[in-house]
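Structure first, then comments.
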Amino acid sequence: MGAFLDPGAWGREFTTALDSYDHMAGMWLVGEDMPQEKNGVTLHATEKDQYGLPVPNVHFDDHKNDIAMREHAYRQGAAVYDAVGATRTFPTPPYPSTHNLGTNRMSAIARDGVVNKWGQTHDIKNLFVSDGSQFTTGAAENPTLTIVALAWRQADRIAGELQKGNI
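Numbered as in the numbering used here, the sequence shown ends at 167 without a single skipped number.
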């Protein structure tokens, strides 16, 4: 919470917030970012990294539902604190940490995504993706256990297909 405390960013309003830091409480409400086709990662046309490879461009815009959900959370959070006698509340910006998901979306057909239900790419037979990029949406929970479960399922599938000589 302290990293995102920004009650005016400077001056007395800011220092009074810091003076009361040991009497503050923080609330973190997490919701689901809605998937949008225009959000994604592309490679820069001209800029290169130290190895001469194109640098990534990450593009993300909030969906109107993301904004509405955040505003609702600010109102409800402030109401909770007001009910227990808070003297000030500071809505903070969204935490700039993400679970990068959805760039290799799972789908039944290639037109709608990159991988099938086994994480196998639609266009390259022996290429499998084993991470959160195959999720079509992120929900509001940490994705680690779901990624692990999908990877175990995928490993079983790959072993079976190798035994059959299909891959």
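Backbone N, C-alpha and C fix where the C-beta goes; we use that ideal spot for every residue, glycine too.
Values in this document were obtained by computation on a predicted structure and should not be read as measured data.
- Contact between the segment 117-125 and the segment 82-94 is absent, with fewer than three C-beta pairs closer than 8 Å.
- Residue 127 and residue 159 have their C-alpha atoms some 14 Å from each other.
- For residue 58, same chain residues with a beta-carbon under 7 Å away, outside a window of 5 residues either side, are 41 in chain order.
- Residue 104 carries a coil assignment under DSSP once its states are collapsed to helix, strand and coil.
- Rounded to the nearest angstrom, the Cβ distance from residue 29 to residue 77 is 6 Å, consistent with a contact under 8 Å.
- Under a 10 Å Cβ-count criterion, residue 135 is classified as buried, with 16 or more other Cβ atoms of the shown protein chains found around its own Cβ.
- Burial is judged here by how many other beta carbons sit within 10 angstroms of a residue's own beta carbon; residue 163 has fewer than 16 and is exposed.
- The beta carbon of residue 107 lies closer than 7 Å to those of 113 in the same chain, with the five residues before and after it left out.
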